[in-house]
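Notes follow once the structure below has been shown.
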Amino acid sequence: GQNIDQPTEMTATEGAIVQINCTYQTSGFNGLFWYQQHAGEAPTFLSYNVLDGLEEKGRFSSFLSRSKGYSYLLLKELQMKDSASYLCAVRGGDYKLSFGAGTTVTVRA
Amino acid sequence: SAVISQKPSRDICQRGTSLTIQCQVDSQVTMMFWYRQQPGQSLTLIATANQGSEATYESGFVIDKFPISRPNLTFSTLTVSNMSPEDSSIYLCSVRNRRGRGEKLFFGSGTQLSVL
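Listed in order, the protein sequences are those of chains A and B. Using this note's numbering, read the first sequence as starting at 1099 and increasing by one per residue. Using this note's numbering, read the second sequence as starting at 1103 and increasing by one per residue.
Next comes the structure, spelled out in structure tokens:
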């Protein structure tokens, strides 16, 4: 089975940086995804990592260490609209996606 | 990216009844997926809807409870049968985009189901 852990909640101030950690234990590994989900809306794709290292995309960056079963999503220059749930998802050896429970980020003025 | 229309967006149902959720995609896709997202929990894959064959169900989900239709490459339905309050959840359909890196998933807007 798959086991994906991420913090339940995080709070940060507008303009600040927040790092959301995700650890996983899966049967096989074929990539790690981060999705953003605003309340009442569908998840939307943010990033994808399959090799170790940092992937940067504007204010968002995602890091992966396969040997440690660890990823983080880094949100820089936080804006109020970044308040959302962030889902870590791992594609296992069977190529199916397993999702973490999500981290609710609240950005305060 | 794929545009996915899902309906109804929300419904309140009585125990013992059934609800059919529809998912329409603006392009032909090989596989469509149905997920459930219970309050405060992760997305859980219910089944993969295959065109021209029976859906493939994940552990813990059965066809009698969640029958799925996939009549063509752009449309699928999920029925939640004989509902109980435990079925109250958000149900999401999704498709996989093979272009670019990562074969990312695109999701419909979801159906918020409340069972009384």
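Note that beta-carbon positions come from the ideal geometry of N, C-alpha and C, so glycine has one too.
Query, Result
"From Gly-1151/A, Arg-1157/A, Arg-1164/A, residue whose alpha carbon lies closest to that of Glu-1175/A", "Arg-1157/A"
"Counted within 10 angstroms of its Cβ, other Cβ atoms place Tyr-1193/B as buried (16 or more) or exposed", "buried"
"Through-space distance from Tyr-1122/A to Ala-1151/B, alpha-carbon basis", "27 Å"
"Option nearest Pro-1141/B by Cα separation, candidates Glu-1112/A, Gly-1200/A, Arg-1206/A, Ile-1115/A", "Gly-1200/A"
"Residues that Lys-1206/B contacts on chain A, provided the C-beta gap is smaller than 8 Å", "Phe-1131, Phe-1143, Tyr-1146"
"Cβ of Gly-1212/B within 7 Å of any chain A Cβ", "yes"
"Chain B contact for Phe-1197/A (CB, 7 Å cutoff)", "yes"
"Residue of Ala-1207/A, Cys-1186/A, Arg-1206/A minimising C-alpha distance to Asp-1103/A", "Cys-1186/A"
"Span separating the alpha-carbon of Thr-1122/B from that of Thr-1179/B", "6 Å"
"Whole runs of the beta strand (DSSP E) within the segment 1147-1190 of chain B, excluding any shorter than 3 residues", "1170-1174, 1177-1182"
"7 Å Cβ cut-off: residues of chain B touching Glu-1139/A", "Ser-1211"
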